[in-house]
Each structure stands twice: as structure tokens, then as C-alpha cells.
Amino acid sequence: MREVEDARRCLRSSHRDATRTRDADAMTSDDARAYDHLVKILLVGDSGVGKSSLLARFISDSFDEQGPTVGVDFKLKHVDVDGTRLKLTVWDTAGQERFRTLTSSYYRGAHGVVFVYDVTSRESFENARETWRKEVEMYGTIANSVKIVIGNKIDREDERTVARKEGVAFAKEYGCLFLECSAKTKVRVAEAFDELVKGILDAPGLLVDEVDDGVKLGAYADRAGGGCC
Ligand code: GDP
Ligand code: MG
């Protein structure tokens, strides 16, 4: 019995330390104390599906026909949801997805995952459902992270090869949210990120809240097995 108590205490204190480190990081940044939670969101999917374009649309409401040229690690956006201030870090790839060489650190600690496919590309849909879902399942470190499946490029309706109901079925099978949108025409891009962020806020224990006697566990617990989404 005592060992169990000791183990719990030890776990609690290590989580408290982890939180202190993150708070310290937050305090040293120039917007210290400007947010309640730091949230990590990832974009995954085949090259060319429009991940960087969705990010540009979400962050700066812009779109470049050639596609954004520079790959970045992540972009920041502050949002306020019903009085809770979130600092979103949305991680994009710099093209490494072409070689399926995203490192495990890309996936680590993600609270939210966006699976993107192109509604005009069956291959990108199959890869989102199989390859990318499995990658997230394998490398994601937060068991109850929130996922959304996004079918992008609906402005190219004439060239569509993936039916909406197939996207819905994928999302349903793995417990993900689902939306179709267009980074080009900006239809439903904001809604997609809104849905995801609300899901993250609503997920029990996903964002660490400090409580009187320590820290709520859960957010940084290792994956406890189970399905991906
Ligand atoms: P990534 O490789 O997944 O980051 O994809 P990019 O964002 O670089 O986009 C690849 C290409 O698709 C670029 O030429 C974009 O302009 C184009 N693109 C992205 N989103 C859309 C969209 O919603 N509709 C259309 N028609 N083209 C898009
Ligand atoms: Mg890109």
C-alpha cells in the first residue's frame, strides 16, 4: 500500500516539475502570463494536399496559388474561447512528409491533430486513413488528443474523387471530427480549427490545470494504448 502511495507521490512531483518547466518557459517569453494554456496542434498528410495553405489561411487569412514556399516548424496564434486564453502552436512540415521522415519529436505532446487529404486525390485519402493515422498512433504521446479529418480543395468539385461520406466514415471509425473545406476560397477553414480547439478544451484532463495539491494528471501521461483517434 505504501509503495503505491510513494509511487503516486513521485509521479505527482515529476508532473509538477514538468509543469514548472513549462511555466518557466512561458514566463521568459515576451508574452508571459498572456495565456492560460499552451496548445500544440499538428498538421499531417501527403505533400500537396494543402497543409501549409490551410495554416496560412488560418494564421494570416492568406492564400498563395503556388503554395507557401518556406516550411516552418510552427506558427503561433492566440485565441480566446469563452474567456480561456490559448496560445496555439500549429506545427507544419517543411516537406519531409514527402519522404515519410517526420521525426517522433514532431508528434510528441500534440493535443490536437489535423489529418488533411485532398478531395481530388484518392491516394492522399488512403494515405491519411492508413499511413498518417498509424504514424500518429505510433508516435503521439498524449492518449486522448483530439483529431480532425479535413478534406481540402472542395473548390475543385468537378475533380472530386473522394466522396464526403467516405471522409465521414474514416472520421467516424477512428473517433475524429470531420469537415470539408477549401484553403483557397476559405470555406470552413476557421470552423475546422474552431471545432478542434473546442474539442481540446472539452477533453477531460487534456490541458493541464493546476489544482491545490499539485497538477491534474492525464495530459502528459504516456499513451495508454487504444485506438488512434
Ligand atoms: P502541402 O504540401 O500539404 O503543404 O500543400 P500546399 O499548401 O503547399 O499546397 C499544394 C498546392 O495546392 C499549392 O499549389 C496550393 O496553392 C494548392 N492548394 C492548397 N489548398 C488548396 C485549395 O483549397 N484549393 C485549391 N484549388 N488549391 C489548393
Ligand atoms: Mg507544406
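Residue numbers are given in my numbering: position 156 of the sequence shown equals residue 1187, and the series is strictly consecutive. Built from N, CA and C at the ideal position, the CB exists for glycine as well.
Residue span of the beta strand (DSSP E) that contains residue i, given as start and end
i: E1072; result: Note that residue 1072 corresponds to Ile in the displayed sequence, not to Glu. Per DSSP, I1072 belongs to the beta strand (DSSP E) from 1068-1075.
i: F1146; result: 1143-1149
i: I1231; result: Premise fails: I1231 lies in the alpha helix (DSSP H), 1220-1233, not in any beta strand (DSSP E).
i: N1183; result: 1177-1183
Close beta carbons around residue i, own chain, < 8 Å, minus the five adjacent residues each side
i: V1220; result: L1085, R1088, F1089, C1212, S1213, A1214
i: E1222; result: L1210, C1212
i: V1112; result: V1228, K1229, L1232
i: K1106; result: L1086, I1090, T1120, V1121, D1123
i: L1237; result: H1142, I1173, N1175, S1176, V1177, I1231, G1249, A1250
i: V1070; result: L1117, K1118, L1119, T1120, H1142, G1143, V1228, I1231, L1238
i: E1226; result: I1179, L1208, L1210
i: D1092; result: K1217
Own chain residues within Cβ distance below 6 Å of residue i, not counting five before or after
i: E1128; result: S1078
i: R1139; result: T1172
i: K1196; result: none
i: D1104; result: none
i: A1234; result: N1175, V1177
i: Y1170; result: S1135, Y1138
i: F1201; result: R1160, V1180
i: R1053; result: Its pLDDT being 41, under 50, R1053 is placed unreliably by the model, and the measurement read from it follows with that caveat. Excluding residues within five positions, none has a Cβ falling inside 6 Å.
i: E1096; result: none
Spatially closest choice to residue i from the options, by CA coordinates
i: W1163; options: G1236, T1132, R1191, K1203; result: T1132
i: V1145; options: K1082, A1174, F1105, V1218; result: K1082
i: V1167; options: V1080, V1218, Q1097, T1134; result: T1134
i: F1264; options: M1169, A1125, V1199, T1216; result: Because the chain is modelled from 1032 through 1260, residue 1264 falls outside the range shown and cannot be assessed.
i: L1074; options: G1098, A1125, L1117; result: A1125
i: V1110; options: F1130, Y1066, R1153, T1192; result: Y1066
i: V1180; options: Y1205, K1108, D1092, D1186; result: Y1205
i: D1186; options: A1202, T1151, F1224; result: T1151
i: D1149; options: E1190, F1130, K1165; result: E1190
i: G1076; options: N1158, E1188, E1226, K1108; result: N1158
i: C1207; options: E1188, V1218, K1217, G1182; result: G1182
i: G1098; options: K1203, G1114, V1080; result: V1080
i: T1115; options: H1068, K1184, E1226, F1224; result: H1068
First and last residue of the uninterrupted alpha helix (DSSP H) at residue i
i: F1201; result: 1195-1204
i: F1209; result: Segment 1208-1211 is the beta strand (DSSP E) holding F1209; no alpha helix (DSSP H) there.
i: E1190; result: First-last for E1190: undefined, no H or E at that position.
i: F1156; result: 1153-1158
i: E1168; result: 1164-1170
Neighbourhood of residue i by C-beta distance below 7 Å, restricted to the same chain and skipping five residues each side
i: F1094; result: S1084, A1087, R1088, A1214, K1215
i: R1153; result: T1192, V1193
i: F1262; result: The requested residue 1262 is not part of the displayed model; the chain covers only 1032 to 1260.
For the stretch 1081-1127, which segments carrying the alpha helix (DSSP H) assignment without a break, of at least 4 residues, lie completely within its bounds, in sequence order?
The stretch 1081-1127 contains these whole alpha helix (DSSP H) runs: 1082-1091.
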